[in-house]
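To keep things clear, I will list the structure first and then write my remarks on it.
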Amino acid sequence: MNAPSANASNGHSVSASKSDHPEFFQVRVLRQDQPGGDCYWQRYRVRYESDMNVISVLQRIAAQGVTMDGRAVAPVAWDCNCLEEICGACTMVINGRVRQACSALVDRLLADNPQEIELRPMTKFPVVRDLVVDRSRLFRALQRVRAWIDVDGYQDQGAGPRVSREDQEQAYPLSQCMSCGCCLEACPQYTKIEVLQQAGESAAEAQARTEAAYDHGFMGAHAISQAVLFNTHPTGQMAASQRLEQLTAEGGIQVCGNAQNCVAVCPKQIPLTTSIARAGRAVTVWAWKKWFDR
Amino acid sequence: MANVSPADSSSQPFLARHEFLIRRLHSLSGLVPVGAYMVVHLLTNASVLESPAAFQRNVYGIHSLGRLLPVVEWVFIFIPILFHAIIGVAIIRGGLPNHGSYPYARNIRYSLQRASGIVAFFFIAWHVFHMHGWFHADWWLKTVATPLAGAQFKAFNATSTAGSAIQQHWLVSVFYAIGILACVFHLANGIWTMGITWGVWVGPIAQRRAAAVCTAGGIALAAVGLGALGGMATVDVEKAKQVEDRMFHHKLEAGEVPNDSHKRTDGDHKDDGQPADMARK
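Same order as they appear, the protein sequences are chains A and B. Counted the way the numbering used here counts, the first sequence spans residues 1 to 294. Counted the way the numbering used here counts, the second sequence spans residues 1001 to 1281.
Okay, here's the thing in structure tokens:
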């Protein structure tokens, strides 16, 4: 790849004057070679180009293959996919705040901290390697709350029930969740659970132990919000009590501490705390019925 | 797969199995009876600002429960506070405050809720010891509570004993001010989060309004609490004691109160029924 000139020439450069940005900037990456391994910081020097995002920074680091002190190292591993903030794969902690790498623009990051850009993997999920984490706990929680609509067979079942405009407008924002994990990373009640495969243990056994551990932990804002989404859907409602049962099981909605960081960091601006309060009301009524309707 | 239930529920420990119920009881106990008790407690104490006799009258009202009072204390005050505190510690241990990375107002309040809970726990433990002594047994009061500057409050000399306990040292007032503010913040913010937990205020606008109401209520209660503290810190202990002793002997003659030496400053020497202030006059 050609090293583009520091003074990128496209007219709509973000910086007002070209002297505003440095020729090079530093990137500090928290690396880890394998699950459960030690982590360590590594610094890289990257030549500034206009309109970079963190993904393109990581591409440059991979291309140059050396740290700031000239040591040849294995390229930093990271996940990415859509590059337009709708898949959630490139979520990481950038300058101390969880967000998607693809929409983290270098010009903005350098405006906040001209010294360097700091990249860390999310702290609430087990690290697979470098910036790649295993978010299976997030998906496990979606399974717990049955975050889907049951379709019984493939035959034509006719038109579904009508959904009012009001319900649609309430449901649409919740349906935008991309399972990125920002809400969980920022949540003080969501603490890391990491289960490592032990010597002599099969992968299936380790998997079962991991899932059992996940089911004791907090499910998180995303799962509560998805439970609310599918409980407002006319067909989804048919499994409403199963979802409410899970919301009140261990690690359910009661673990929420109302810090409300989830709604503050959600890149899709999903009203997560409204969902949490809505689910809180639903389980209040449901628990009352469960105990006194029998 | 589709049917995901957390293991076999009967094999889980009790606390995990009933996590929802326990958290909801913790939430409820913060309002009723603990929070409600605190409001009544601070309002009663603030009556010292009216007059030492007004506060003494209120205390007589409370102590008119007689031998039922310790039962009421334990069932509606001590046990709920202990439950709230113990579960609260468990809740604090389960979280990882991160206001450093995410310094949003509500996240800071999340951290403050936990910090104020810890402050309140130690303050209340010390405050109950300081005034009440924790236990009524004679040997405890003689060998532990009194030597350690505890059990100073005497119900039939309410204003003078509470006043002198506060006026012992200026640090006592400082500790009380910190403790009261921690408790009031914990209650006001706790009511706000409780409203979300139980689904009373759901949307962001409703939550903002509720926060405004809780803030106003918290400021008002803080004023009541600090007013009560200020009243106790400035009350004339000697004068108050004379008023109390007159009230006591009046009530004793009327047969309204028992001659309980535990509830009087110098009750030990007055079992002959001679009015204490008579002798001084």
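Just so you know, even glycine gets a beta-carbon here, dropped at the ideal spot from N, CA and C. On a predicted model such as this, the values are computed, not experimentally measured, just so you know.
Extent of the continuous alpha helix (DSSP H) run through residue i
i, result
"E1238 of chain B", "V1237 to E1253"
"Q246 of chain A", "A240 to L247"
"R1113 of chain B", "Looking at the sequence itself, residue 1113 of chain B is Gln, so the reference to Arg does not match. A1105 to M1131 is the span of the alpha helix (DSSP H), which, as asked, contains Q1113 of chain B."
"L110 of chain A", "V106 to D112"
"M92 of chain A", "Where M92 of chain A is concerned, there is no enclosing alpha helix (DSSP H), although the beta strand (DSSP E) it sits in stretches over T91 to I94."
"V265 of chain A", "N261 to V265"
"V128 of chain A", "Here V128 of chain A belongs to no alpha helix (DSSP H); instead the beta strand (DSSP E) covers V127 to R129."
"G1163 of chain B", "A1158 to Q1167"
"R165 of chain A", "R165 to S175"
"A61 of chain A", "Correcting the residue type first, residue 61 of chain A is Ile in the shown sequence and not Ala. V54 to Q64 is the extent of the alpha helix (DSSP H) around I61 of chain A."
"W291 of chain A", "L272 to F292"
"F230 of chain A", "A221 to T232"
"F1055 of chain B", "P1052 to H1063"
"F1014 of chain B", "F1014 to R1017"
"G1225 of chain B", "P1204 to T1234"
"H1041 of chain B", "A1036 to A1046"
"Q143 of chain A", "S136 to R144"
Extent of the continuous beta strand (DSSP E) to which residue i belongs
i, result
"H1184 of chain B", "Before going further, note that residue 1184 of chain B is Val rather than His in the sequence given. First-last for V1184 of chain B: W1170 to T1197, but that is the alpha helix (DSSP H), not the beta strand (DSSP E)."
"C39 of chain A", "C39 to R47"
"E1073 of chain B", "Careful: E1073 of chain B lies outside any beta strand (DSSP E) and carries neither H nor E."
"Q302 of chain A", "Past the edges of chain A, shown from 1 to 294, lies residue 302 of chain A, and the structure says nothing about it."
"R99 of chain A", "R97 to Q100"
"E116 of chain A", "E116 to R120"
Distance between residue j and residue i (C-alpha atoms, nearest Å)
i, j, result
"V163 of chain A", "M238 of chain A", "15 Å"
"K1263 of chain B", "W1198 of chain B", "42 Å"
"P267 of chain A", "V98 of chain A", "10 Å"
"V1174 of chain B", "I1124 of chain B", "14 Å"
"F1153 of chain B", "H1130 of chain B", "8 Å"
"M187 of chain A", "A1085 of chain B", "Looking at the sequence itself, residue 187 of chain A is Cys, so the reference to Met does not match. Rounded to whole angstroms, C187 of chain A to A1085 of chain B spans 23 Å at the Cα level."
"A1211 of chain B", "R146 of chain A", "33 Å"
"G1088 of chain B", "Q1113 of chain B", "10 Å"
"N966 of chain B", "E1238 of chain B", "Outside the displayed span of chain B (1001 to 1281) sits residue 966 of chain B, for which this structure offers no information."
"S103 of chain A", "L184 of chain A", "19 Å"
"G1095 of chain B", "G65 of chain A", "39 Å"
"G1061 of chain B", "F1156 of chain B", "11 Å"
"E205 of chain A", "K192 of chain A", "20 Å"
"A1046 of chain B", "H1136 of chain B", "26 Å"
"W1134 of chain B", "T284 of chain A", "36 Å"
"D79 of chain A", "E211 of chain A", "23 Å"
"Q198 of chain A", "C90 of chain A", "29 Å"
"C82 of chain A", "Q100 of chain A", "11 Å"
"H12 of chain A", "D51 of chain A", "For H12 of chain A, the predicted model reports a pLDDT of 44, less than 50, meaning its position is unreliable; a value from the coordinates is still stated below. In a straight line, the C-alpha of H12 of chain A is about 10 Å away from that of D51 of chain A."
"P173 of chain A", "G280 of chain A", "19 Å"
Under 7 Å by beta carbon: chain A residues contacting residue i
i, result
"R1282 of chain B", "Outside the shown range of chain B, which is 1001 to 1281, sits residue 1282 of chain B, and nothing can be said about it."
"L1096 of chain B", "P188 and T191"
"R1024 of chain B", "Q254"
"V1202 of chain B", "T274, A277, R278 and R281"
"T1193 of chain B", "N258"
"G1150 of chain B", "Per Cβ cutoff of 7 Å: no residues; G1150 of chain B is ~35 Å from chain A at best."
Buried/exposed call for residue i, threshold 16 Cβ in 10 Å
i, result
"R108 of chain A", "exposed"
"K124 of chain A", "buried"
"I1205 of chain B", "exposed"
"I276 of chain A", "buried"
"R1280 of chain B", "Confidence at R1280 of chain B is low in this model, with a pLDDT of 40, below 50, so the placement of that residue should be treated as unreliable; the coordinate-derived value is given next. With fewer than 16 Cβ atoms within 10 Å of its Cβ, R1280 of chain B is classed as exposed."
"Y1102 of chain B", "buried"
"A1220 of chain B", "exposed"
"Q32 of chain A", "buried"
"P1013 of chain B", "exposed"
"A1223 of chain B", "exposed"
"D20 of chain A", "exposed"
Closer than 9 Å at the beta carbon, the chain A residues around residue i
i, result
"P1147 of chain B", "Here the premise fails: no neighbours, minimum Cβ distance about 41 Å."
"F1020 of chain B", "L247, T248, A249, E250, G252, I253, Q254, V283 and A287"
"I1196 of chain B", "C256, N258, Q260, T273, I276, A277 and G280"
"R1208 of chain B", "None at all; the shortest Cβ gap to chain A is about 11 Å."
"G1217 of chain B", "The contacting residues do not exist; G1217 of chain B stays about 18 Å from chain A at best."
Contact list for residue i against chain B, beta-carbon separation under 9 Å
i, result
"P173 of chain A", "The premise fails here: P173 of chain A is roughly 12 Å from chain B at the closest Cβ pair, so nothing lies under 9 Å."
"A208 of chain A", "Per Cβ cutoff of 9 Å: no residues; A208 of chain A is ~10 Å from chain B at best."
"A264 of chain A", "Y1102, Y1104, R1106 and N1107"
Chain B contact residues for residue i, given Cβ-Cβ distances below 8 Å
i, result
"R243 of chain A", "In chain order: nothing, as chain B lies at least about 11 Å away."
"R97 of chain A", "S1101 and Y1102"
Within-7 Å CB hit, residue i to chain C
i, result
"A204 of chain A", "In the structure shown, chain C does not exist; the protein chains are A and B."
inquiry  = Within 8 Å, do at least three Cβ pairs link the stretch 1113-1120 of chain B to the stretch 1181-1189 of chain B?
reply    = yes
query = Three or more C-beta pairs closer than 8 Å, one from the stretch 1019-1028 of chain B and one from the stretch 248-262 of chain A: is that the case here?
reply = These segments touch.
query = Do three or more CB pairs link the stretch 1157-1165 of chain B to the stretch 1233-1251 of chain B at distances below 8 Å?
reply = yes
key: Inter-stretch contact at 8 Å, needing at least 3 Cβ pairs: the stretch 149-168 of chain A / the stretch 1066-1082 of chain B   = Flag = no, the stretch 149-168 of chain A and the stretch 1066-1082 of chain B do not touch.
Any 3 or more C-beta pairs closer than 8 Å across the stretch 221-228 of chain A and the stretch 1052-1071 of chain B = no
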